[in-house]
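Visitor:
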Amino acid sequence: MFKEFEATKKKVFRILDDNGGVISNKHMPVIEDQQLIDAYHNMVFARTADHMTVSYQRQGRIFTYPPNYGQEAIHGATASVMRPNDWLVPAFREMGAWLAKGASLKDIFLYFMGYEVGNTWPAANHFLPISVPIASQLPHAAGIGYAIKYKKLDEVVFAFVGDGGTSEGDFHEALNFAAVWKVPVIFIVQNNQFAISVPFRMQTASDGIAIKSVAYGMPGIQVDGNDFFAMLKTLQEASAYCREGKGPVLIEAITYRKGAHTTSDDPTKYRTKEEEESWEKKDPLRRLKNYLVSKGLLEETEDRRLEEQYRQEIDRIFTEAENQPASSLEDVFKYMYADMPDDLRKQQVEHENFLQWKESL
Amino acid sequence: MEGVPMKIMNMVNAVNNALDIKLAEDPDIVVYGEDVGVEGGVFRVTEGLQLKYGADRVFDSPLAESAIVGTAIGMAAAGLRPVVEMQFCGFVYPAFNQIISHLARMRNRSRGRISMPVVVRIPYGGGINALEHHSESMEALYAQIPGIKVVIPSTPADAKGLLISAIESDDPILFMEPKRIYRAIKQEVSEEKFSIPIGKAKIITPGTDVTVVAYGAMVREVQKALPKLKEAGISVELIDLRTIYPMDKETLAQSIRKTGRIVFVAEEPTSFGVGAEIIAVANEEAFLYLQAPPKRVSGFDTIVPLPKGEHHYIISPEKIFYEIQKTVKF
Ligand SMILES: Cc1ncc(C[n+]2csc(CCOP(=O)(O)OP(=O)(O)O)c2C)c(N)n1
Ligand SMILES: [Mg+2]
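Residue numbers (my numbering), protein chains in the order written: chain Z, 1484 to 1844; chain L, 38 to 367.
1. How should glycine 85/L be labelled, buried or exposed, when 16 other C-beta atoms within 10 angstroms of its C-beta is the threshold for buried?
2. With 16 other CB atoms within 10 Å as the buried threshold, where does leucine 289/L fall?
3. CA-CA distance, proline 1824/Z and glutamate 76/L?
4. Tell me which residues share the same chain as phenylalanine 80/L and place their Cβ nearer than 7 Å to its Cβ, disregarding the 5 neighbours each side in the sequence.
5. Shorter than 8 Å from the beta carbon of asparagine 166/L to some beta carbon of chain Z?
6. Are the C-beta of valine 1572/Z and some C-beta of chain L separated by less than 8 Å?
7. Consider the Cβ of threonine 339/L: report whether some Cβ of chain Z lies at a distance smaller than 8 Å.
8. Run the proximity test for proline 131/L: is its beta-carbon closer than 7 Å to any non-hydrogen atom belonging to ligand 1?
9. Comparing C-alpha positions only, which one of Val1639/Z, Ala1678/Z and Phe1610/Z sits nearest to histidine 1744/Z?
10. What residues from chain L crowd round valine 1815/Z, counting only those whose CB sits closer than 7 Å?
11. 8 Å is my cut-off, CB to CB: does alanine 221/L come that close to chain Z?
12. Tell me which residue opens and which closes the alpha helix (DSSP H) that tryptophan 1840/Z is part of.
13. Please report whether the beta-carbon of tyrosine 1753/Z lies at a distance below 8 Å from any beta-carbon of chain L.
14. Heavy atom of ligand 2 less than 7 Å from the Cβ of alanine 1580/Z, yes or no?
15. Taking the alpha carbon of asparagine 1674/Z as the reference point, which residue from Pro1667/Z, Pro1682/Z and Val1668/Z has its own alpha carbon closest?
16. Exposed or buried, which one is threonine 307/L when buried takes at least 16 other CB atoms within 10 Å?
17. According to DSSP, simplified to helix, strand and coil, what is tryptophan 1664/Z?
18. Report the residue from Phe1528/Z, Gly1742/Z, Ile1671/Z and Trp1840/Z whose alpha carbon sits nearest the alpha carbon of asparagine 1551/Z.
19. Name the chain L residues that come within less than 9 Å of glutamate 1599/Z, Cβ to Cβ?
20. Quick check: is the beta carbon of phenylalanine 1546/Z nearer than 8 Å to any beta carbon in chain L?
21. Please say whether alanine 104/L and proline 209/L have beta carbons closer to each other than 8 Å?
22. Taking only heavy atoms of ligand 1 into account, decide whether any of them is closer than 7 Å to the Cβ of glutamine 1673/Z.
23. At a cut-off of 7 Å, would you count isoleucine 1679/Z as near ligand 1, judging by its Cβ distance to the nearest heavy atom?
24. When DSSP labels each residue in this structure, what does methionine 284/L get in the three-state scheme?
25. Using only the alpha-carbon positions, how far apart do methionine 175/L and alanine 221/L sit?
26. For isoleucine 1737/Z and threonine 1491/Z, which I take to be in contact (beta-carbon distance under 8 Å), what is that distance rounded to the nearest angstrom?
27. Give the interface partners of glutamine 1554/Z over in chain L, defined as CB-CB distance under 8 Å, in chain order.
28. Quick one: Cα of phenylalanine 231/L to Cα of leucine 199/L, how far?
29. Kindly examine ligand 1 and report whether one of its heavy atoms sits closer than 7 Å to the Cβ of glutamine 124/L.
30. Hey, is aspartate 1646/Z close to ligand 2, as in C-beta under 7 Å from one of its heavy atoms?
31. Suppose you measure from the CA of serine 152/L to the CA of isoleucine 189/L; what does that come to, to the nearest Å?
32. Would you kindly work out how many angstroms separate the C-alpha atoms of glutamine 260/L and glycine 149/L, rounded to a whole number?
33. Can you grab the Cα-Cα spacing for the pair serine 1696/Z / phenylalanine 1670/Z, in whole Å?
34. With hydrogens ignored, establish whether the beta-carbon of arginine 1530/Z is closer than 7 Å to any heavy atom of ligand 3.
35. Note down the Cα distance separating leucine 100/L from leucine 1827/Z, rounded to an integer number of angstroms.
36. Rank Glu169/L, Lys356/L, Ile361/L and Thr364/L by C-alpha distance to the C-alpha of glutamate 1842/Z and give the top, closest one.
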């Protein structure tokens, strides 16, 4: 398949059309009905949680949050392919994949409420914390890939970055290392057309990102990132390729950031209604829903029922997170070093003395 | 100033105004960075400038800090005067190599033939409830680089006057903007061009008991503590450093010789910071005048906590009061 869609051919891999009809069954991935239904449910859950987080932010109940709206198929497909021992190296906009990896929604809420503990994912295996400095996580993915190869483990790394992130040196250096070392890393570029306000065409003069794989000596493919099946098939193939020891793969998932960059951003300043509407037609959840309904796997109104059910569950989790007490002074110091320097301990004690004085006033 | 048109500005307006004045005056100036053009920057500091001066003078760059500073170095070598923006303090590090290896060294390396009239604007500092990497104050990292000057304004008017000087300087300048007070302080600022010299501190309130040195957002925090200090009978000489490097040692030394006490207030991690340099000035230039050990009221040597723990880290007016009165009572 990577040959057929070899990046220089400039063919975007797609299985579903904009209405959820099957364009061709040739590459239809194998997935059990129940697994497919579960994946859809999880995507509805993630989208509902995402929308609710944005409104919590508007109510002043959570701080800056980067919405995932419109990119859920990429995360849903990753969730379906990732095995328990595979690694997830996140950027900051792939909530569905985090949840699948074992991050709890409460943790996610805590993180965006401003608690470090929310970025520790205690229940998750092989999952790095969210990485805010753009693209800086990708060399880590290559390093994990090296360790996997060195230890002869049957594991794959799923590493995320945005289209803007492909301009950073770390992106290129990580791809190069991974390819030179032939390590099992799937680099997933979520090309959502924007880096905050900067449109993709100002990010690179090349025809897409996938084509850059050619120069690094690894397969690369452009996929319709709003097509769950195309994403699923690509990730299945990439994961098999990695497991066979053939080295890394670059996937450019073409999608659209339907929401704002973060809750502090106003996209009306830099993009048009028409553009937003043209992408609305390609919405990943609607396409998958239409497919499922046409196959008799889903009732037409099931999504609304699910949403209603999820809203209550999510709100309960959010309220629970809101009850978290503020981080303690000790929290600020405790995790800095395995072997805490005396001087640092002294700084904490001095601050406690100040707090005592303040209390005594 | 009679007859000079004044306008109420916050720091965002003032920086914008300084850029506007210099762009109008000097065709060699270009302004760029991530989201700087169409959007006018994530803090709206460059808003309206692309419309006014065109996309070849004010523009969005690809997302790569190293190349933003690296290209600015090339532009400067070829006769332009770039003013570039790093979106947040935590994202300068990809550009660190360019800053330390070339920006700081080009002039010396070329024996003065190639100077580097580059300004790198860096919104920095805590107190804005931000995600990780958006709140740090690592000015000491930059101030220690030989060949770089580091400027930090504390008011809208200072931001304007200092930025104009920075843009006109033939030396590379890291212009760090305390984003916590981007919109918090409004004052009348002249709409005309004016400049404030780099390398000169400002005595904000003269006093006799203790010299308090601050810069950026901390100046305002010290000012908040002043009424209580006055009530406690303590006369504070508050100095706004304005420029971290080159440091105005003369003004500092004179003040310390007069008061005999020095308290430094900053958001930076305490160890190996700007505060250590200021205490060195006290020791080197005013040793025999000291009546109390110099004191640093600055950040823990920790990562700046996320919002739910940040109140532990932030330097409060209470803490400033507490440390100053301890020093005076010593
Ligand atoms: C090194 C670095 N520079 C700048 C930023 C500020 N910033 C946060 S997100 C972003 C845009 C990222 O765009 P992209 O990689 O396309 O990811 P998206 O936000 O679209 O998911 C920028 C510039 C950052 N986080 N890290
Ligand atoms: Mg993007």
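Even for Gly, the Cβ is constructed at its ideal location relative to N, Cα and C. Please read these numbers as outputs of a predicted model, since none were measured by experiment.
Guide: This is what the structure holds:
1. Looking at its Cβ environment, which holds fewer than 16 other Cβ atoms inside 10 Å, glycine 85/L is exposed.
2. buried
3. About 45 Å.
4. Shown here for phenylalanine 80/L: same chain residues with a beta carbon closer than 7 Å to its own, the five before and five after excluded, namely Val49, Pro160, Lys216 and Tyr219 in chain order.
5. At least one chain Z Cβ lies under 8 Å of asparagine 166/L.
6. no
7. yes
8. yes
9. Ala1678/Z
10. Result: Phe337, Thr339, Pro342, Gly346, His349 and Tyr350.
11. Taking a beta-carbon distance threshold of 8 Å, alanine 221/L does not count as an interface residue toward chain Z.
12. Boundaries of the alpha helix (DSSP H) harbouring tryptophan 1840/Z: 1825-1843, taken from the DSSP string.
13. Closer than 8 Å to the CB of tyrosine 1753/Z there is at least one CB belonging to chain L.
14. Flag unset: Cβ of alanine 1580/Z not near ligand 2.
15. Pro1682/Z
16. Its Cβ being crowded by 16 or more others within 10 Å, threonine 307/L is buried.
17. helix
18. Gly1742/Z
19. Glu169, Ile340, Pro342, Leu343, Lys345 and Gly346
20. yes
21. no
22. yes
23. Yes; taking the cut-off as 7 Å, the Cβ of isoleucine 1679/Z has a heavy atom of ligand 1 nearer than that.
24. Looking at methionine 284/L - three-state DSSP - the assignment turns out to be coil, as it is neither helix nor strand.
25. Each residue's Cα considered, the two are about 22 Å apart.
26. 17 Å between Cβ atoms; not a contact.
27. Result: empty, since nearest Cβ-Cβ is about 18 Å, beyond 8 Å.
28. 9 Å
29. yes
30. yes
31. 22 Å
32. 42 Å
33. 10 Å
34. As far as ligands go, the structure on display features ligand 1 and ligand 2 and does not contain ligand 3.
35. 36 Å
36. Lys356/L
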